[in-house]
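J.: Adding 11 to a residue's 1-based position in the sequence shown gives its number in the numbering used here.
Using N, Cα and C, we set each Cβ at its ideal position, and we do this for glycine too.
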Amino acid sequence: MEFTGQIGLIWEQTKVPLVVPVLKVMVILCLAMSAMLFIERVYMGIVIVFVKLFRRKPEKMYKWEPMKDDVELGNLGYPMVLVQIPMYNEKEVYQLSIGAACGLSWPADRVIIQVLDDSTDPAIKTLVQVECQRWASKGINIKYEIRDNRNGYKAGALKEGMKHSYVKQCDYVAIFDADFQPEPHFLTRTIPFLVNNPQLGLVQARWKFVNSDECLMTRMQEMSLDYHFIVEQEVGSSTHAFFGFNGTAGVWRISAINEAGGWKDRTTVEDMDLAVRASLKGWKFVYVGDLKVKNELPSTFNAYRNQQHRWSCGPANLFKKMAMEIIRNKKVSLWKKFYVIYSFFFVRKIVAHVVTFVFYCVVLPATVLVPEVEVPKWGAVYIPSIITLLNAVGTPRSLHLVLFWIIFENVMSLHRTKATFIGLLEAGRVNEWVVTEKLGDGLKTKLGGKTPRKPRFRIGDRVHILELGVGAYLFFCGCYDLAFGKNRYFIFLFLQSIAFFIAGVGYVGTMVSTS
């Protein structure tokens with residue numbers, strides 16, 4: 012009791028001169044960041060309304076004519092297309108992507124399928140090679156390429172793939188990750204944009220998730236990614252002809268890649284890196300939202316955490332490396348520079364992550380313990396509510412899950428914020444690349460329609476200390492608010508703490524035994 016009393020005394024003595032001023036500054040900073048995010052979301056919402064009202068489809072913004080057979084030229088009337096499929100130990104999905112690429116509707120003598128296999132498992136390498144040989148025996152021009160190292164990871168594989176002599180005859184390159192399955196008409200929809208518009212360097216399609224209903228976590232991911240594609244990519248394409256290449260389900264003009272300096276492995280977002288550099292050279296991009304390519308969402312929590320680390324750390328690191336280069340560039344307008352630096356990078360890739368965690372999981376709960384500091388209602392309730400609704404409109408079928416989405420996004424914001432600072436400070440894990448695990452049909456096959464045995468895990472694989480620590484902090488603040496506070500935040504704090512506890516013990520997503 013004496014020890015507890017001493018802690019209480021120290022808290023009272025330090026609260027007013029030290030804690031209160033610091034917390035007030037934090038509240039002001041968080042409110043400023045919330046306002047930035049709010050303005051950005053409203054701006055994008057207005058743009059999307061105009062795009063829909065005036066039916067600004069890509070085919071109307073750019074010249075688009077279907078490829079026609081030429082009697083005299085024959086198939087030579089079609090440009091030569093390279094299709095790259097980078098993969099790494101993709102046992103569960105390699106057949107899907109290779110089969111889909113080989114089924115693309117394009118003259119067989121005007122397309123080259125290039126499988127870039129960085130697999131380290133000899134058995135998987137053999138399976139992929141045999142699959143390529145199987146398609147080659149059917150008359151498909153397919154190349155199986157390997158290298159003796161994994162330098163540069165995906166960027167290194169794509170860069171190495173472009174060095175082969177047969178690539179010189181190609182005008183365009185389509186890129187698909189190992190779990191992506193393009194429809195047969197993919198090339199006939201995208202290539203005409205590049206053929207008829209010499210200023211276009213990239214055509215990006217939308218992702219369609221085949222396993223979004225697998226578990227609650229995949230539904231949450233679908234909500235976030237639908238907003239990215241339906242709003243963010245559409246806005247960038249319609250207003251500035253610029254957006255981040257998604258690394259897959261897109262077609263590049265090879266000359267645009269070369270002019271931009273080719274693939275670079277200096278960050279974990281080689282796709283965004285290339286897109287920004289190509290844009291600074293004056294190339295324009297177009298997003299085709301009604302062209303969808305099937306793919307798989309990570310359905311295990313560890314796979315999703317690793318993916319989010321890469322997607323949060325990489326952009327922050329790239330921003331640090333390219334900010335001055337963007338400012339000094341003389342080929343693009345001042346307005347486009349502002350859009351890329353402020354909207355694309357600063358607000359969406361840094362502020363969005365930091366304010367979500369720091370404000371709603373640290374500062375707001377702390378005001379319960381320090382009643383001298385108040386957060387205005389517009390900052391604590393109204394702005395986040397409007398931002399949430401604007402985010403949720405991308406997936407109307409999941410509107411009833413919006414509460415789950417909020418608390419899940421707050422949990423993931425811890426990991427994203429940590430990754431963002433690692434990227435900005437270029438700390439230890441800045442260039443860590445963990446390939447996102449894909450289950451494909453493997454899980455269903457293993458289960459065989461029967462009730463699976465409960466998988467066994469090592470404690471270290473499941474327990475996440477940071478999430479448990481934040482959960483304990485929020486639970487304590489909730490209890491304090493319930494007992495002594497006037498803010499009535501305790502319902503939110505208890506719900507959020509439960510979410511952190513669940514994530515902390517790894518009870519999120521699909522459970523797959525590693526044995």
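1) Is it true that the segment 190 to 203 meets the segment 116 to 136, where meeting means three or more beta-carbon pairs spaced less than 8 Å apart?
2) Within the same chain, show all residues whose beta-carbon is closer than 6 Å to that of residue 139, passing over the 5 residues directly before and after it, in chain order.
3) Once the 5 residues before and after residue 34 are set aside, which same chain residues still bring their CB inside 8 Å of it?
4) Can you tell which of 488, 122, 171, 400 has its C-alpha closest to the C-alpha of residue 150?
5) Can you give me the C-alpha to C-alpha distance between residue 318 and residue 311, rounded to a whole angstrom?
6) Short check: CB of residue 50 to CB of residue 245, under 8 Å?
7) Taking contact to mean at least 3 C-beta pairs separated by less than 8 Å, is the segment 66 to 79 in contact with the segment 97 to 104?
8) In three-state DSSP terms, what is residue 440?
9) Verify whether the separation of the beta carbon atoms of residue 260 and residue 370 is less than 8 Å.
10) In three-state DSSP terms, what is residue 66?
11) How about residue 216 and residue 304: do their beta carbons lie closer than 8 Å?
12) Spatial neighbours of residue 515 within its chain, please: C-beta separation below 6 Å, excluding the five flanking residues on both sides.
13) Let me make sure I understand the geometry here. Which of 252, 292, 144, 64 has the alpha-carbon closest to that of residue 271?
14) Looking at the structure shown, is residue 463 part of a helix, part of a strand, or coil, going by DSSP?
15) Pick out whichever of 156, 137, 266 has its Cα sitting closest to the Cα of residue 97.
16) Going by DSSP, what residue range makes up the beta strand (DSSP E) through residue 206?
17) Can you check which of these residues, 285, 77, 493, 435, is closest to residue 213 by C-alpha distance?
18) Could you name the residues of the same chain whose beta carbon sits closer than 8 Å to that of residue 368, not counting the 5 residues immediately before and after it, in chain order?
19) How is residue 525 classed by DSSP in three states: helix, strand or coil?
20) Assuming the contact rule is C-beta atoms closer than 8 Å, residue 142 and residue 109 should be a hit. Round their C-beta distance to whole Å, please.
21) Could you tell me which uninterrupted beta strand (DSSP E) segments, each at least 3 residues in length, are contained entirely in the segment 218 to 303, listed from first to last along the chain?
T.: Inspection of the coordinates gives the following:
1) Taking a cut-off of 8 Å for Cβ pairs, the segment 190 to 203 and the segment 116 to 136 touch, as three or more such pairs fall below it.
2) The residue given as residue 139 occupies position 128 in the sequence shown. Same-chain partners within the cutoff: 105, 128.
3) Taking the first residue of the sequence shown as 1, we reach residue 34 at position 23. Here the set comprises 374, 377, 378, 381, 384.
4) Residue 150 sits at position 139 when you count from the first residue of the sequence shown. From the listed residues 488, 122, 171, 400, the smallest Cα separation to residue 150 is found for 122.
5) Locating residue 318 in the sequence shown gives position 307, counting from the first residue. Locating residue 311 in the sequence shown gives position 300, counting from the first residue. Spanning the two alpha carbons is a distance of roughly 11 Å.
6) By one-based count along the sequence shown, residue 50 stands at place 39. By one-based count along the sequence shown, residue 245 stands at place 234. It is not a contact, given that the beta carbons lie outside the stated cut-off.
7) Between the segment 66 to 79 and the segment 97 to 104, the count of Cβ pairs shorter than 8 Å is below three; the stretches do not touch.
8) Locating residue 440 in the sequence shown gives position 429, counting from the first residue. Residue 440 falls in the coil class under three-state DSSP.
9) For the purposes of this step, residue 260 is taken as residue 249 along the sequence shown, with counting starting at 1. For the purposes of this step, residue 370 is taken as residue 359 along the sequence shown, with counting starting at 1. Not closer than 8 Å, so no.
10) Counting from one through the sequence shown, the residue named residue 66 turns up at place 55. Taken through DSSP and simplified to helix, strand or coil, residue 66 comes out as coil.
11) Working through the sequence shown from its first residue, we reach residue 216 at position 205. Working through the sequence shown from its first residue, we reach residue 304 at position 293. The answer is yes: Cβ separation under 8 Å.
12) Counting from one through the sequence shown, the residue named residue 515 turns up at place 504. Cβ neighbours of residue 515 beyond the five flanking positions: 475, 478, 479, 482.
13) Along the sequence shown, read from residue 1 onward, the residue named residue 271 stands at position 260. Between residue 271 and the set 252, 292, 144, 64, the nearest pair of CA atoms involves 292.
14) Here residue 463 is taken as the residue at index 452 of the sequence shown, counted from 1. Residue confidence is low: residue 463 scores 43 on pLDDT, short of 50, so the model does not pin down where it sits. Its coordinate-derived value is still stated next. Coil at residue 463, not helix or strand.
15) Locating residue 97 in the sequence shown gives position 86, where the first residue counts as 1. Checked all of 156, 137, 266; the closest Cα to residue 97 is 156.
16) Looking up residue 206 in the sequence shown gives position 195. Counting along the chain, residue 206 falls outside any beta strand (DSSP E), though it belongs to the alpha helix (DSSP H) covering 197 to 207.
17) Here residue 213 refers to the residue found at position 202 when the sequence shown is read from its first residue. Cα-wise, what sits closest to residue 213 is 285.
18) Residue 368 sits at position 357 when you count from the first residue of the sequence shown. Excluding positions up to five away in sequence, the list reads 421, 424, 425, 427, 428.
19) As a first step, residue 525 must be located in the sequence shown, where it is residue number 514. Because the pLDDT at residue 525 is just 47, under 50, the model does not fix this residue reliably, and the value given afterwards should be weighed accordingly. In the structure shown, residue 525 sits in coil (DSSP, three-state: anything other than H, G, I, E or B).
20) Stepping through the sequence shown from its first residue, residue 142 is reached at position 131. Stepping through the sequence shown from its first residue, residue 109 is reached at position 98. Contact flag correct, Cβ pair sits at about 5 Å.
21) 261 to 264
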